[in-house]
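Quick note on numbering: this note's numbering labels position 304 of the sequence shown as 304, and the sequence is numbered without any gaps. Below is one structure, written out as structure tokens; comments come after it.
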Amino acid sequence: MKNLWATKMAVIFVCVVVSIIPCAAAASAAPAGKVAIVTNTVSQNEEEYRSAQEMVRKYGDRIVHVTWPDNFMAEQEQMVSIVAKLAYDPQIKALIINQAVPGTNAAVDKLLETRKDVFIIYSTPQENPPDVAARANLIIQADDLGMGYAVPRQAKKLGAKTFVHYSFPRHMSQVLLSSRREIMRKECAKLGLVFVDATAPDPTGDSGLPGAQQFILEDVPKMVAKYGSDTAFFSTNCAMQIPLIKAVVDTKAIYPQPCCPSPYHGFPTALGIKSDASQQGNLQHVINETRRILKEKGVEGRLSTWPVPVSMMATAAGTEYAMQVIDGRLPFDKLDIPALEKCMSGYAGTSVATNPYVDEAGTEYPTYLFVLMDFLTY
Numbered sequence: 001m002k003n004l005w006a007t008k009m010a011v012i013f014v015c016v017v018v019s020i021i022p023c024a025a026a027a028s029a030a031p032a033g034k035v036a037i038v039t040n041t042v043s044q045n046e047e048e049y050r051s052a053q054e055m056v057r058k059y060g061d062r063i064v065h066v067t068w069p070d071n072f073m074a075e076q077e078q079m080v081s082i083v084a085k086l087a088y089d090p091q092i093k094a095l096i097i098n099q100a101v102p103g104t105n106a107a108v109d110k111l112l113e114t115r116k117d118v119f120i121i122y123s124t125p126q127e128n129p130p131d132v133a134a135r136a137n138l139i140i141q142a143d144d145l146g147m148g149y150a151v152p153r154q155a156k157k158l159g160a161k162t163f164v165h166y167s168f169p170r171h172m173s174q175v176l177l178s179s180r181r182e183i184m185r186k187e188c189a190k191l192g193l194v195f196v197d198a199t200a201p202d203p204t205g206d207s208g209l210p211g212a213q214q215f216i217l218e219d220v221p222k223m224v225a226k227y228g229s230d231t232a233f234f235s236t237n238c239a240m241q242i243p244l245i246k247a248v249v250d251t252k253a254i255y256p257q258p259c260c261p262s263p264y265h266g267f268p269t270a271l272g273i274k275s276d277a278s279q280q281g282n283l284q285h286v287i288n289e290t291r292r293i294l295k296e297k298g299v300e301g302r303l304s305t306w307p308v309p310v311s312m313m314a315t316a317a318g319t320e321y322a323m324q325v326i327d328g329r330l331p332f333d334k335l336d337i338p339a340l341e342k343c344m345s346g347y348a349g350t351s352v353a354t355n356p357y358v359d360e361a362g363t364e365y366p367t368y369l370f371v372l373m374d375f376l377t378y
């Protein structure tokens, strides 16, 4: 009996050990590392903020979400402090910055003083491309230069005879945005559109966000009175999209796309689409409601955008890619374009292609990737 009891105990012990070993192996191989996501606040760009919150819901405490100050142009030191604090957490192995507003490079430089093991992703950078490429492992941006051709063509397709471009000196000091404006100017001339270069207040300036938004509400009707309702409007600033859409709809004008193309960008708030908890995250619901309201207001076929939110895709795809890097499934020091495009397509629900930025001198930046999609017309 003793021998039988001893044999049973030995079998039980072996079974317990065998069952523990795989768990121990799994624990030792458990994913280590966090992804920090820095976005603008809701008032500056709600999409970017919400996209980070989506990642928090998906990955829990593997995501650290912080925001830039609202008036980032006047609070550059705070930006440096925000990123420096992230560097103190050794578990943070990737950093996604959406948007990479002016001052991002200085903030990242502070992180790089002590951390070389962080995979850095910029979305929609607003500093010089060579400087950005020298710091980030991956840059994701809607194809601003490609938009220079695509947006006027879309405006023409929607019936435009005049094209109004709203911006301000801070944005026009950025190479890609100023280059896009010049492409738009030339493309409008080629298409027979009158190009109007209009200066609006900077939302980070003295009049602040309310002043910039009020300017748009007041200026669009003046432009329509001067050029007619077959006038297309485009603004380089996220915070101006809501008043711009409102004014365009009220004047029966034309709106080819937001600065950051997306069905979510500006349309729901401008059109008063009611929040429905049962439809949260349902992109098609937002598209259907937008189409219904615009038809009711008599502007069917006059407004358009891209079929998916590019800024949200940048956060989601960037997070998925970064997770694979810090989990050791993708290399840290070499970009895997097919894997990245797969991450983007997974979010978009359609194929997404990228192409690297090539400057006027012919220099190619292989980690600086542009994304361009076709239009969704309401």
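The C-beta atom is built at its ideal place from N, Cα and C for all residues, glycine as well. Here the structure is a predicted model, which is why all the values come from computation and not from measurement.
- If you draw a 10 Å sphere on the C-beta of THR305, you find 16 or more other C-beta atoms in it, and that means buried.
- Rounded to whole angstroms, the Cβ separation of ALA160 and ILE254 is 5 Å, and the two are in contact under 8 Å.
- Going by beta carbons, ASP117 and PHE370 fall outside the 8 Å limit.
- Note that the stretch 223–241 does not touch the stretch 130–137; fewer than 3 beta-carbon pairs, one per stretch, sit closer than 8 Å.
- For SER235, the beta-bridge partners assigned by DSSP are TYR166.
- Burial check for GLU47: the Cβ neighbour count within 10 Å reaches 16 or more, so the residue is buried.
- Apart from the 5 residues on each side of it in sequence, ILE183 sits with its Cβ closer than 8 Å to the Cβ of LEU145, GLY148, TYR149 in its chain, given in chain order.
- Between ALA200 and PHE168 a beta carbon distance of about 6 Å is seen, short of the 8 Å cut, so the two are scored as contacting.
- Here the C-alpha atom of ARG302 lies approximately 27 Å from the C-alpha atom of SER43.
- Taking 8 Å as the upper bound for CB-CB distance, ALA52 and LEU95 are not in contact here, some 12 Å apart.
- Beyond the five residues adjoining it in sequence on each side, THR39 comes within less than 6 Å, by CB distance, of GLU48, TYR49, ALA52, THR67, ASN98 in the same chain, given in chain order.
- When rounded, the separation of the alpha-carbon atoms in VAL80 and ARG115 is 14 Å.
- Shown here for TYR166: same chain residues with a beta carbon closer than 6 Å to its own, the five before and five after excluded, namely ALA198, ALA200, SER235 in chain order.
- Around the beta carbon of ASP61, fewer than 16 other beta carbons sit within 10 angstroms, so the residue counts as exposed.
- Between VAL220 and VAL248 the beta-carbon gap is near 7 Å, inside 8 Å, which marks them as a contact.
- In this structure, the beta-carbon distance from SER179 to MET172 does not fall below 8 Å.
- The shortest CA-to-CA distance from LYS85 to any of VAL64, PRO102, ARG170, VAL194 is the one to VAL64.
- The stretch 314–359 is shown to contain whole alpha helix (DSSP H) runs of 4 or more residues at 337–348, in chain order.
- By the neighbour-count criterion, in which a residue is buried when 16 or more other Cβ atoms sit within 10 angstroms of its Cβ, VAL194 is exposed.
- The DSSP-derived three-state label of PHE119 is strand.
- Per the Cβ contact rule, the stretch 322–330 is not in contact with the stretch 288–299 (fewer than 3 Cβ pairs under 8 Å).
- Boundaries for ILE254: no alpha helix (DSSP H) harbours it, and the DSSP string shows neither H nor E there.
- Per the coordinates, the alpha-carbon of LYS295 lies some 19 Å from the alpha-carbon of HIS265.
- Annotated three-state conformation of LEU283 is helix, per DSSP.
- Considering only LEU335, ILE293, VAL286, SER262, the residue with the shortest C-alpha distance to ASP374 is SER262.
- Per DSSP, GLU364 lies in no alpha helix (DSSP H); the unbroken beta strand (DSSP E) holding it starts and ends at 364–371.
- In terms of CA proximity to TYR357, LEU372 leads the group PRO309, LEU372, ALA100.
- Around the beta carbon of SER351, fewer than 16 other beta carbons sit within 10 angstroms, so the residue counts as exposed.
- In this structure GLY318 is buried. Its beta-carbon is surrounded by 16 or more other beta-carbon atoms within 10 angstroms.
- The three-state secondary structure of VAL224, taken from DSSP, is helix.
- Counted as a single uninterrupted DSSP element, the alpha helix (DSSP H) harbouring ILE82 occupies residues 76–87.
- Residues of the same chain with a CB within less than 7 Å of the CB of PHE332, apart from the 5 flanking positions on each side, are PHE119, VAL325 in chain order.
- For PRO102 and THR251, the gap between their C-alpha atoms comes out near 34 Å.
- Taking C-alpha positions only, ALA106 is separated from ASN288 by approximately 42 Å.
- Leaving aside the five residues that flank CYS259 on each side, the residues in its chain whose CB is nearer than 7 Å to its CB run, in chain order, SER235, THR236, ASN237, CYS238, GLN241.
- Counting along the chain, the unbroken alpha helix (DSSP H) around ASN105 starts and ends at 104–112.
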